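Take the sequence shown: its position 149, counted from the start at 1, is 150 in this note's numbering, and no numbers get skipped.
In this text, a Cβ means the ideal position worked out from N, Cα and C, and glycines have one as well.
Note that this is a predicted model, so its numbers are computed, not measured.
One structure is given here, and the rest of the page talks about it.
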Amino acid sequence: MITDPSTWLLTLLAVFAVSSISLLGSLGLAMRPLALQRILLLLISFAAGALLGDAFLHLIPEIAQSSSSFDTLASFALLAGVISFFMLEKVLHWHHAHMPGQKDVLHPIAVSNLVGDGLHNLIDGAIVAGAFIASPGIGVATSVAVALHEIPQELGDFGILVHAGLKPRRALLFNFLSSLVAVIGAVATLLFASLTGVERLLLPFSAGAFVYIASTDLIPELHKEPEPVKSLLQVLALIGGAAIMAALL
C-alpha cells in the first residue's frame with residue numbers, strides 16, 4: 002500500500018476534479034449543433050496533443066529514467082495498454098453500432114453507455130494514481146491530459162443519455178456517478194500497487210493507452226474535416242495540447 006499521505010491527497014483531489022468534468026455535459030444543450038461540432042473538433046485536437054505529449058514527454062522518459070532502460074517488461078506493459086484500450090473501445094463503440102431510433106429500446110443503450118464509460122473511468126483513475134505514485138509532476142501532467150480528453154467525451158456521453166430518453170438532470174446525475182468510478186480505480190491502485198508489484202508497470206501501461214486513444218480514437222475524427230482553414234486550426238490545437246505538456250516539464 003502507498004503510505005505517503007500527500008500522494009493520496011493529490012491523487013484523490015485530481016480524480017475528483019477530473020470526475021467533475023462530467024457536469025459540463027449539460028453545456029451541450031445550450032449550444033447550437035454546428036457551434037458544438039466546431040468546438041468539439043478543436044477540443045479533440047487539443048486532447049490528442051495533450052495525450053501524446055504526456056506519453057512521449059513525461060511517461061516514457063520517466064520509465065527510462067526510473068529503470069535505467071526501457072526493458073522488455075515495460076515494453077509488454079506498454080503493449081498491454083494499447084491492446085486493453087482497443088478492447089475497451091470495442092465495448093464503448095457497441096452502443097453506437099446498435100443505436101436504433103425506437104424509444105422502447107433506447108434505455109438499454111443508456112445502460113450500455115454507462116457501463117462502458119464506468120469501465121473507462123475506472124482505468125482512468127488507476128492511470129492518474131499510477132502517475133502520482135511516480136511523482137507529483139507526472140501526476141499533474143497526466144491529470145491534465147486525462148481531463149482534456151474527458152471534456153469532449155463527457156459532452157458526447159451526456160448527449161447519448163438524453164437521446165436514450167433520460168431527462169437532462171437525470172442524465173447529468175448518472176453521468177457524474179459513472180465518472181466517480183474513477184475513484185475506485187485510484188484507491189485500488191494506491192492500496193495494491195506496492196503489494197502486487199505492478200507499480201512499475203502502471204506508467205508504460207498508461208503511455209500505451211494514451212498513444213492508442215490519441216492515434217486511433219481522436220485523430221481519425223479530425224481527418225473527417227477537409228476544409229483547409231479548419232484543418233490548420235486543428236493542427237494548431239494539437240500542437241497547443243502538446244505544448245501544455247512541454248510547459249509542465
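- Helix, strand or coil at residue 215 [DSSP, three-state]: helix
- From residue 144 to residue 213, what distance separates their C-alpha atoms? 17 Å
- Can you tell me where the alpha helix (DSSP H) with residue 47 in it begins and where it stops? 34-55
- Query: For residue 137, which option in 76, 27, 60 has the closest C-alpha, if you only look at C-alpha atoms?
  - Reply: Considering only alpha carbons, the answer is 60.
- Item | Residue of 222, 231, 123 minimising C-alpha distance to residue 186 | Cα-wise, what sits closest to residue 186 is 123.
- Beta carbon of residue 1, beta carbon of residue 228: below 8 Å? Nothing about residue 1 can be reported from this structure: the residues present for the chain run from 2 to 250 only.
- Task: Confirm, please, whether the CB-CB distance from residue 50 to residue 238 is below 8 Å.
- Result: yes
- Message: Please classify residue 112 as buried or exposed, where buried requires at least 16 neighbouring CB atoms within 10 angstroms.
- Response: It counts as exposed.
- Coil, strand or helix - residue 127 by DSSP: Here residue 127 sits in helix by DSSP.
- alpha helix (DSSP H) segment containing residue 179, residue limits: Element bounds for residue 179: 169-180.
- Would you mind reading off the limits of the alpha helix (DSSP H) that contains residue 226? Note, residue 226: premise wrong, no alpha helix (DSSP H); not H, not E.
- Task: Go ahead and label residue 45 buried or exposed: buried means 16 or more other beta carbons lie within 10 angstroms of its beta carbon, across all protein chains shown.
- Result: buried
- Does DSSP put residue 73 in a helix, in a strand, or in coil? helix
- Could you spell out where the alpha helix (DSSP H) holding residue 59 opens and where it closes? Per DSSP, residue 59 belongs to no alpha helix (DSSP H) and is neither H nor E.
- Query: Ordered along the chain, which non-local residues of its own chain (more than five positions away) have a Cβ less than 8 Å from that of residue 103?
  - Reply: Note that residue 103 scores 44 on pLDDT, short of 50, meaning its location in the model is unreliable and no value can be drawn from it.
- Message: So, does the stretch 166-175 touch the stretch 36-44, judging by three or more C-beta pairs under 8 Å?
- Response: no
- Task: Give the C-beta separation of residue 183 and residue 246 to the nearest angstrom, bearing in mind that I take them to be a contact with Cβ-Cβ under 8 Å.
- Result: Between the beta-carbon of residue 183 and that of residue 246 there is about 21 Å, and that puts the pair past the 8 Å contact cut.
- Task: Go through its chain and collect everything with a Cβ distance to residue 119's Cβ below 8 Å, but skip five positions before and after it.
- Result: 179, 182
- Helix or strand or just coil, what does DSSP make of residue 102? Any reading at residue 102 is ruled out, since the residue's pLDDT is 47, under 50, leaving its predicted position unreliable.
- Coarse secondary structure for residue 246, derived from DSSP in three states: helix
- Item | Inter-residue Cα distance where the pair is residue 125 and residue 159 | 18 Å
- By Cβ distance below 7 Å, which residues in the same chain neighbour residue 149 in space, the five residues on each side in sequence not counted? 47, 48, 51, 242
- Span of the alpha helix (DSSP H), counted from its first residue to its last, around residue 158: 137-164
- Task: Just the C-alpha distance for residue 10 and residue 201, rounded to the nearest angstrom, thanks.
- Result: 21 Å
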